[in-house]
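These protein sequence lines map, in sequence, to chains E and Y. Residue numbers for the first sequence follow this note's numbering, beginning at 16 and rising by one. Residue numbers for the second sequence follow this note's numbering, beginning at 22 and rising by one. Beta carbons are placed, not taken as given, at the ideal position from N, Cα and C, and that holds for glycine. The model shown is predicted, which means the values in this text are computed figures rather than measured ones. All remarks here apply to the structure that follows.
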Amino acid sequence: MNDRKIVDAKNTFCPGPLMELIASMKQAEVGDELEVLSTDEGSANDIPEWIKKVGHQVLDSFDENGVWHVIVRKEK
Amino acid sequence: MKVLVIGGGMGGTIFANNLARRMRKELKAGKSSITMLSASDQHMYQPGLLYVAVGKMQPSEMYRDQTSLLEPSIRFEVDPVTTFDLDNNYVIAKSGARYDYDMIVIATGSRAHAESIPGLNEHALQFYTEPDAVAMYKQLEKFEGGKVVVAVGVPHKCPMAPLEITFMLVDYFKQRGIWEKVDLHYTYPIGRVHSLEPVAKWAAPEFERLGIQYETFFNMKEVTQNTIISEEGSEQAFDLLVTIPAHKGMQVIEDNGLGVSGFIATDRQRLNMEGRDNVFVLGDTTNIPISKAGSTAHYEAEVLAENVAALAESGIAPRNYDGKVFCFIETGEGKASYAMFDYQNPPDPKAPTAGVHWFKTAYNKMYWASARGLL
Chain E
16 MNDRKIVDAK
26 NTFCPGPLME
36 LIASMKQAEV
46 GDELEVLSTD
56 EGSANDIPEW
66 IKKVGHQVLD
76 SFDENGVWHV
86 IVRKEK
Chain Y
22 MKVLVIGGGM
32 GGTIFANNLA
42 RRMRKELKAG
52 KSSITMLSAS
62 DQHMYQPGLL
72 YVAVGKMQPS
82 EMYRDQTSLL
92 EPSIRFEVDP
102 VTTFDLDNNY
112 VIAKSGARYD
122 YDMIVIATGS
132 RAHAESIPGL
142 NEHALQFYTE
152 PDAVAMYKQL
162 EKFEGGKVVV
172 AVGVPHKCPM
182 APLEITFMLV
192 DYFKQRGIWE
202 KVDLHYTYPI
212 GRVHSLEPVA
222 KWAAPEFERL
232 GIQYETFFNM
242 KEVTQNTIIS
252 EEGSEQAFDL
262 LVTIPAHKGM
272 QVIEDNGLGV
282 SGFIATDRQR
292 LNMEGRDNVF
302 VLGDTTNIPI
312 SKAGSTAHYE
322 AEVLAENVAA
332 LAESGIAPRN
342 YDGKVFCFIE
352 TGEGKASYAM
362 FDYQNPPDPK
372 APTAGVHWFK
382 TAYNKMYWAS
392 ARGLL
């Protein structure tokens, strides 16, 4: 399994967690896993919505001590 | 102490000037030196490109000689770096010269990378270089009406530019008297019309008021002669396509293996390259998840100059960069607003006013004082 790449977008407003993920996805290979860390509650919904639209996969999503973790895999 | 600054843009210039004033005595006594290496003898005010693209600024207004902006104690060479040897504290430049350092600040910026989208260079307008902005204005002047689409790549510098170019296009078409013949469509990569939620909440009703259609979750994938296709599977036909391509850092950063896509892994508070105590990174060159904006480079540069001067004197860096960003938003119709935020405090932009627009207009001229580290 590839090392999971952490996209640490805690305490950031612009460009924000989803845009950081979109940029990171471009650098990732198919099969790579990325874990977005965010203190923005909205991104817990935005990120899965975008992931599904473009055909990648959400592996897990949880809140831990006020930080949202969204783990995704690049599928194409 | 030898300080080497790579890059003569906003971050590098403000840093070098600020540091030069803090270390005036050491520089005069020859105990320390500041050297700047840049690819150009000209300093460009990049926000001017927005205005050039719609005919509101002449290209020449965006430039000053770099030496006119620098403290005289700074050695300046037009000699871009080709090789970084961070383990041994030196760089090799295009001339073949070797520059040794005790501390290095890498502020090489970022660039629009249109090649990442098939068909973009051939079929779309851009405005992130002087030639592109001038070409866009010339195309706009020939345009007599039809469907105009705005599309944006991730990441890009100047986060407000997608909104600003859209509102400025409305003003431009109205001034040309052809706004009634234009069908303007705005697209954006995430699920709202801007990355900053308060700005998006203000902008969406403005789009509706002005009759601008918008589509969210639209990430450019491919451009044909008259169609742009998104990663999300949708398409927009266009007569004119205005784009902000996704950006990368400078090629030299990638070539030297310093950072993926040319962005260097940087501590978001101390601004040092991760794993290196004497290598610092400013502005667009960092991988910090923060706006790639001139103000980011400006505020980072001020913190870093204080820290580098303190490190030289006492070995202790007293300040952390707090994530401060300040972005004007030109909203058209002679008005503007701004967004100001940092790592702890979200933005709270107010309704646009003529006063803020005039302040931005004044800042377009006052910028040169900022570059000199005076503002």
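When Y:Asp-260, Y:Leu-184 and Y:Phe-194 are compared, the shortest CA-CA separation from Glu-227 of chain Y is found for Y:Leu-184.
An exposed status is given to Leu-395 of chain Y, since fewer than 16 other beta-carbon atoms sit within 10 Å of its beta-carbon. Scanning Y:Thr-150, Y:Ala-135 and Y:Phe-105 for the CA closest to the CA of Leu-70 of chain Y turns up Y:Thr-150. Approximately 39 Å separates the beta-carbon atoms of Met-241 of chain Y and Met-124 of chain Y; this is outside 8 Å, ruling out the contact. For the pair of segments examined, the region 33-42 of chain Y was found not to touch the region 74-84 of chain E: the number of CB pairs separated by less than 8 Å stays below three. Non-local beta-carbon contacts of Met-181 of chain Y in its own chain, meaning distances under 6 Å to residues more than five positions away in sequence, involve Cys-348 and Ile-350 in chain order.
The region 126-137 of chain Y makes no contact with the region 88-96 of chain Y, as fewer than three CB pairs between them are under 8 Å. According to DSSP, residue pairing for Tyr-84 of chain Y in a beta bridge involves Y:Met-65. Note: Glu-47 of chain Y is not bridge-paired with any residue in the DSSP secondary-structure output. Here Ser-61 of chain Y is exposed. Its C-beta has fewer than 16 other C-beta atoms within 10 Å.
In the three-state DSSP reduction, Lys-115 of chain Y falls in the coil class, being neither helix nor strand. The shortest C-alpha to C-alpha distance from Thr-88 of chain Y to any of Y:Ser-59, Y:Asn-247, Y:Asp-363 and Y:Glu-256 is the one to Y:Ser-59. By the CB criterion at 8 Å, Val-26 of chain Y and Val-273 of chain Y fall outside the cutoff. Using a CB distance cut-off of 8 Å, Asn-26 of chain E counts as an interface residue toward chain Y.
Runs of the beta strand (DSSP E) lying entirely within the region 260-335 of chain Y, each at least 3 residues long, are 261-265, 268-270 and 300-302 in chain order. By the neighbour-count criterion, in which a residue is buried when 16 or more other Cβ atoms sit within 10 angstroms of its Cβ, Val-51 of chain E is buried. Here the region 198-214 of chain Y does not lie against the region 280-293 of chain Y, with fewer than 3 beta-carbon pairs under 8 Å apart. In the three-state scheme derived from DSSP, where H, G and I count as helix and E and B as strand, Asp-363 of chain Y is classed as coil.
If you look at Leu-205 of chain Y, you'll find it in the beta strand (DSSP E) that goes 203-208. In this structure the region 237-257 of chain Y does not lie against the region 110-120 of chain Y, because fewer than three pairs of beta carbons, one per stretch, are closer than 8 Å.
Using a Cβ-Cβ cut-off of 7 Å, Asp-18 of chain E is close to nothing in chain Y; its nearest Cβ partner there is about 14 Å away. In the DSSP assignment, Trp-379 of chain Y forms no beta bridge with any residue. Counting only the Cα atoms, Val-191 of chain Y lies some 10 Å from Val-75 of chain Y. At a cut-off of 8 Å, the C-beta of Ala-38 of chain E has a neighbouring C-beta in chain Y. In the DSSP annotation of this structure, Asp-47 of chain E is not part of any beta strand (DSSP E), being labelled neither H nor E.
Per DSSP, Ile-199 of chain Y lies in no alpha helix (DSSP H) segment and is marked neither H nor E. Where Lys-25 of chain E is concerned, there is no enclosing alpha helix (DSSP H), because DSSP gives it neither an H nor an E. For the C-beta of Pro-180 of chain Y, the chain E residues within less than 8 Å are, from N- to C-terminus, Cys-29 and Pro-30. Taking Gly-167 of chain Y as the centre and dropping the five residues before and after it, the same chain places the C-beta of Asp-260 closer than 6 Å to its C-beta, in chain order.
Look at Gln-365 of chain Y: its C-beta is under 8 Å from a C-beta on chain E.
Shown here, His-71 of chain E sits in coil according to DSSP, grouped into three states, outside any helix or strand.
Contacts between Asp-23 of chain E and chain Y, judged by CB atoms closer than 8 Å, involve Pro-310 in chain order. For Leu-33 of chain E, a Cβ of chain Y is located within less than 8 Å of the residue's own Cβ. Taking CB atoms only, Trp-83 of chain E has no neighbour in chain Y less than 8 Å away.
In the DSSP assignment, His-84 of chain E forms a beta bridge with E:Leu-52 and E:Phe-77.
One Cα belongs to Ile-285 of chain Y, the other to Gly-32 of chain Y, and the distance between them is close to 15 Å.
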